[in-house]
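K.L.:
A single structure is presented below for examination.
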């Protein structure tokens, strides 16, 4: 119980960078200021896992000395196991992150960080995905005060929107240089030359996926533009991918006739 006599919030923390990630440690530390925290995370990095589930083998959750669990599976596995088997009490929020890298634009379709928050949402629990939009994880501790402020506002919302998760990206700059928080739309990201052809030790052709050049576009209020301007980006995402504007057009194709 809190000092006001009300039950404290219960928060499930997970990520896709693995149980030992510094971003996970920071998010759990900050979340303990607003609620009771349970941590269930992959035992290794699962970046790019998207919303995949492990179906070809059983999963083994391991309870650690600090009370957290690590799981030999994906971020989505972790949330599913937490809610279905590991936790004594149902959480009020699923928080995923802080990811070591950006999740903006089309990244949200591939991101294990976003997928973990979305899995909570699909099970009726509000989800928030949080990412540092850069590679310098030494910046993470400088963002602690901003995370505290942001989480306090989020968990204080009386009626969190149904079927909606929040995707948060923090600029890759020191915390004292951040200009504020803005609500954003998704930008558009295009990768080029992201396939690298090479050979394995036996001379067989193999390909690496990644790297290449990234180009961005989008509205003035889109995530990557706002992050570039030094603001924390908060994008509400909806799991309904239906393009309602095209419903009548597609019906006109008479596909069922």
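Residue numbers (my numbering): 67 to 323.
Using N, Cα and C, we set each Cβ at its ideal position, and we do this for glycine too.
CB-CB under 8 Å to residue 208, same chain, minus the five flanking residues each way: which ones, in chain order?
P.N.:
The residues are 240, 241, 242.
K.L.:
If I measure Cβ to Cβ from residue 284 and keep anything under 8 Å in the same chain, skipping five residues before and after, which residues do I get?
P.N.:
Once the five neighbours on either side are set aside, the close Cβ partners of residue 284 are 171, 251, 252, 253, 254, 290, 291.
K.L.:
In chain order, which continuous runs of the alpha helix (DSSP H) of length 4 or greater are located wholly inside the stretch 193-245?
P.N.:
Qualifying alpha helix (DSSP H) stretches, in chain order: 210-221.
K.L.:
Enumerate in chain order the residues of its own chain whose CB-to-CB distance from residue 210 is below 8 Å, with the five nearest sequence positions on each side excluded.
P.N.:
Same-chain partners within the cutoff: 92, 95, 96, 241.
K.L.:
Can you tell me whether residue 114 is helix, strand or coil according to DSSP?
P.N.:
Reduced to three states, the DSSP call for residue 114 is coil.
K.L.:
Let me check understanding here. Comparing Cα to Cα, which of 296, 74, 147, 83 lies closest to residue 166?
P.N.:
When only C-alpha atoms are compared, the closest one is 83.
K.L.:
Under three-state DSSP, which class holds residue 91?
P.N.:
Helix at residue 91.
K.L.:
On the DSSP bridge assignment, give the partners of residue 161 in chain order.
P.N.:
For residue 161, which the question treats as bridged, DSSP gives the partners 79, 194.
K.L.:
For the beta strand (DSSP E) that residue 299 lies in, which residues bound it at each end?
P.N.:
Counting along the chain, the beta strand (DSSP E) containing residue 299 begins and ends at 297-304.
K.L.:
Given residue 109, which residues of its chain have a CB within under 7 Å of its CB, disregarding the five upstream and five downstream residues?
P.N.:
Hits under 7 Å: 84, 85, 136, 137, 138.
K.L.:
If the criterion is Cβ atoms closer than 8 Å, does the pair residue 114 and residue 176 meet it?
P.N.:
Cβ atoms of residue 114 and residue 176: closer than 8 Å.
K.L.:
Have a look at residue 316 and residue 307 and give me their C-alpha separation to the nearest angstrom.
P.N.:
Cα-Cα distance, rounded: 15 Å.
K.L.:
Anyone know if the C-beta pair for residue 147 and residue 106 falls short of 8 Å?
P.N.:
For residue 147 and residue 106, yes; Cβs fall inside 8 Å.
K.L.:
Between which two residues does the beta strand (DSSP E) carrying residue 131 extend?
P.N.:
Residue 131 -> no beta strand (DSSP E), and no H or E assigned at all.
K.L.:
Is the CB of residue 172 under 8 Å away from at least one CB in chain D?
P.N.:
Reference to chain D is not applicable here, since this structure consists of a single protein chain.
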